[in-house]
Structures are given as structure tokens and as C-alpha cells.
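Data first, discussion second: the structure below is written as C-alpha cells.
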Amino acid sequence: MTEAEQSTPVHGIPCWVSLMTRDLRATQDFYGAVLGWTFRSGALGDGFSVAHVDALPVAGIGRIAPGLPTAVSWTPYFAVADVDTAAARVRERGGTIAVGPIRLGPGRGAMASDREGAAFGFWEGRTPPWSIGRDDAPASLELRTSHAFDSAIFYAEVFDWASEEPGGCEVGYAYQQDAVVVRQGGRTVATLRGGGDASSPDPGLRPRWHVRFQVEDLAAATEAARAAGGTAGPPADSPADGTEAVIRDPDGGIFTVCAHPA
2 MTEAEQSTPV HGIPCWVSLM TRDLRATQDF YGAVLGWTFR SGALGDGFSV AHVDALPVAG
62 IGRIAPGLPT AVSWTPYFAV ADVDTAAARV RERGGTIAVG PIRLGPGRGA MASDREGAAF
122 GFWEGRTPPW SIGRDDAPAS LELRTSHAFD SAIFYAEVFD WASEEPGGCE VGYAYQQDAV
182 VVRQGGRTVA TLRGGGDASS PDPGLRPRWH VRFQVEDLAA ATEAARAAGG TAGPPADSPA
242 DGTEAVIRDP DGGIFTVCAH PA
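Quick note: the sequence shown uses this note's numbering, first residue 2, plus one each step.
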């Protein structure tokens with residue numbers, strides 16, 4: 002991806018997803034087998050790679066520095082005009098800044114958690130022309146939380162959702178899904194719903210952002226995950242994305258695969 006092909010995304014929209022892992026090569030092999038990804042070196046150094054499908058960027062995978070107590074998890078990033086302002090807003094509203102703000106290659110970023118402990122990041126700078134649900138970008142982002150409306154207020158205040166900025170995010174309530182829905186340009190880019198349990202010992206039940214990737218064959222993807230050393234739950238119906246399955250990679254990263262719509 003050349004500099005000319007990159008753009009500065011609108012403030013507040015999801016602009017990337019990334020996974021930090023302990024064994025970069027083994028993780029690349031796993032996601033290559035399950036999702037058909039290929040990898041190229043990224044702008045952040047040898048410990049970071051960008052996954053591609055049909056030459057289009059999908060996600061980032063980076064190596065956790067030895068001794069750094071960072072959880073292995075998929076994390077969404079949101080575009081911001083000023084990373085310092087966003088970090089201050091997170092702290093003012095009871096969230097936590099885990100890393101940063103720091104300079105990372107061509108931009109500046111930070112990793113944080115909201116009031117219930119769900120991890121997310123934000124990024125100031127140029128990115129690939131990438132959007133949730135478009136081309137080979139992730140199909141959707143979903144925050145499973147204890148209090149969807151409280152979380153919606155938190156993120157709206159941090160990222161200026163519903164500010165009526167041209168190209169920005171709109172927030173509404175979807176009664177059929179019983180969820181808060183965030184849209185940008187008529188496209189759903191995030192869904193916030195209840196059901197999370199902050200006291201659960203199961204990381205799959207604690208408040209967190211779920212990242213969904215579309216696959217052509219759901220059964221083949223889950224079988225490939227098990228063959229490559231991961232685990233996969235049984236297929237289940239989703240109110241937003243049809244049939245899906247939750248997969249855990251060998252290093253503990255959890256993500257969801259959903260079937261392409263017919």
C-alpha cells in the first residue's frame with residue numbers, strides 16, 4: 002500500500018483492526034489456513050505485518066514484545082483528529098489508557114479500555130482506504146457489554162458520534178436487534194448490545210469488541226481452525242450476520258467467522 006493510496010479517515014469511524022500475538026509466524030500460518038490471508042511487512046517494523054485478501058488490506062498482526070503483559074486479542078481502532086484529545090476524553094469518562102499516545106510509523110496511536118474493560122484503540126493519521134463491511138475488510142464490529150446505552154454514550158462522547166459532522170457516524174436504536182447501531186454513510190460499522198458479564202471468568206463473556214470476518218464456507222473455516230491448532234464453537238444464528246461461529250486461535254485470540262450472504 003503506497004502513501005498515495007492512503008487517506009485520512011473521518012473522525013470517529015472504525016479504521017482498522019489489529020491482533021497482537023506472541024508468535025508472529027505461527028499466527029500468520031493459522032490465519033492463512035483459516036481465512037486464506039497472505040501477509041506483507043507493514044510500516045511499523047519487522048514485528049508487524051498486514052494481512053491481505055486479493056491484494057486488499059484486511060487487518061494487522063503484530064508481535065508482542067517479550068515480557069510485555071499484553072493480552073492476545075483482536076482490537077478495533079477508531080480514527081481521531083487528535084490522539085491526545087481522545088485520550089483525555091477516555092480518562093475523563095472513566096476509561097483507561099493502556100498504551101500511548103505514542104508515535105507508530107506514519108501516525109500516532111493509543112490503546113485503551115472503556116468503563117467495563119473492553120479494549121479498543123484509536124489512531125491519528127493516514128490509513129489504507131478501508132471500511133467495515135466493504136471489500137475484504139471485517140464484516141462487522143460488535144461490542145458485547147453489560148450496558149449498551151451507557152457504552153454508547155461513552156463512545157459517542159469520545160469519538161463525536163452523532164455530531165452531524167459530514168461523513169461522520171450516526172447512532173440509532175435497532176428494535177429488531179435490541180441493540181445500539183452506529184452507521185456511517187448508510188453502512189452499519191458497529192453494533193453495541195447487552196449480554197456481557199464483567200465478572201465472568203470466561204473471556205468470551207466479558208465485555209469486549211467482537212470482530213467478524215466473512216468466509217465462503219463456514220464449515221470449512223471451522224474445520225481448518227481445529228486442524229491448525231485452534232478451537233471453534235458450533236455454528237449459531239446471529240441477529241445481524243446470519244450463521245456464525247466463534248474461533249479461538251492457538252495463542253488465545255478470539256474472533257468470529259460468518260457466512261457470506263447468499
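We treat Cβ as the ideally placed atom computed from N, Cα and C, and that holds for glycine.
Because the structure is a prediction, the values reported are computed rather than measured.
Put residue i into one of helix, strand or coil per three-state DSSP.
i, result
"Ile-267", "For the chain, the structure presents residues 2 to 263; residue 267 sits outside this window and is missing."
"Thr-3", "For Thr-3, the predicted structure reports a pLDDT of 46, less than 50, and the residue's modelled location is therefore unreliable. The matter cannot be settled from this model."
"Ala-157", "helix"
"Ala-191", "strand"
"Thr-200", "For the sequence presented, residue 200 should be read as Ser rather than Thr. Reduced to three states, the DSSP call for Ser-200 is coil."
"Ile-14", "coil"
"Thr-223", "helix"
"Ala-163", "coil"
"Thr-9", "coil"
"Ala-233", "strand"
"Gln-29", "helix"
Look up residue i in the DSSP assignment and give the residues it is bridged to.
i, result
"Glu-171", "Arg-184"
"Trp-210", "Leu-144"
"Phe-256", "Ile-248"
"Gly-243", "Ser-239"
"Gln-215", "Cys-259"
"Ser-152", "Answer by DSSP bridge pairing: none, since Ser-152 is not bridged."
Assuming the contact rule is C-beta atoms closer than 8 Å, residue i and residue j should be a hit. Round their C-beta distance to whole Å, please.
i, j, result
"Val-54", "Trp-38", "6 Å"
"Arg-194", "Ala-149", "5 Å"
"Cys-16", "Thr-86", "Their Cβ separation, rounded to whole angstroms, is 16 Å, which puts Cys-16 and Thr-86 out of contact at 8 Å."
"Leu-20", "Gly-48", "At roughly 13 Å, the Cβ-Cβ gap does not stay under 8 Å, so Leu-20 and Gly-48 are not in contact."
"Asp-198", "Ser-147", "7 Å"
"Leu-219", "Val-258", "6 Å"
"Val-247", "Gly-231", "Not really, about 11 Å apart at Cβ, beyond 8 Å."
Requested in this report: Could you pull out every unbroken beta strand (DSSP E) segment of at least 3 residues lying fully inside the segment 33-99, listed in chain order?
Outcome: Segments of the beta strand (DSSP E) lying fully in the segment 33-99: 39-43, 46-54, 57-64, 75-80.
Query raised in the report: How about the segment 113-123 and the segment 149-165: do they share at least three Cβ pairs that are nearer than 8 Å?
Result: Output reads yes: the segment 149-165 touches the segment 113-123.
Query raised in the report: Would the segment 6-13 and the segment 206-214 be scored as touching if the rule is three or more Cβ pairs under 8 Å?
Result: Result no; under three Cβ-Cβ pairs closer than 8 Å.
Report task. Would you check if there are 3 or more beta carbon pairs closer than 8 Å linking the segment 127-139 to the segment 169-180? Result -> In short, these stretches do not touch, since the Cβ pair count stays below three.
**Report entry** Whole beta strand (DSSP E) elements within the segment 99-132, 3-residue minimum
**Finding:** Those beta strand (DSSP E) runs which fall completely within the segment 99-132 and span 3+ residues are 108-114, 120-125.
Requested in this report: Kindly confirm or deny that the segment 110-117 and the segment 59-66 touch, where touching means at least three C-beta pairs closer than 8 Å.
Outcome: With fewer than three CB-CB distances shorter than 8 Å, the segment 110-117 does not count as touching the segment 59-66.
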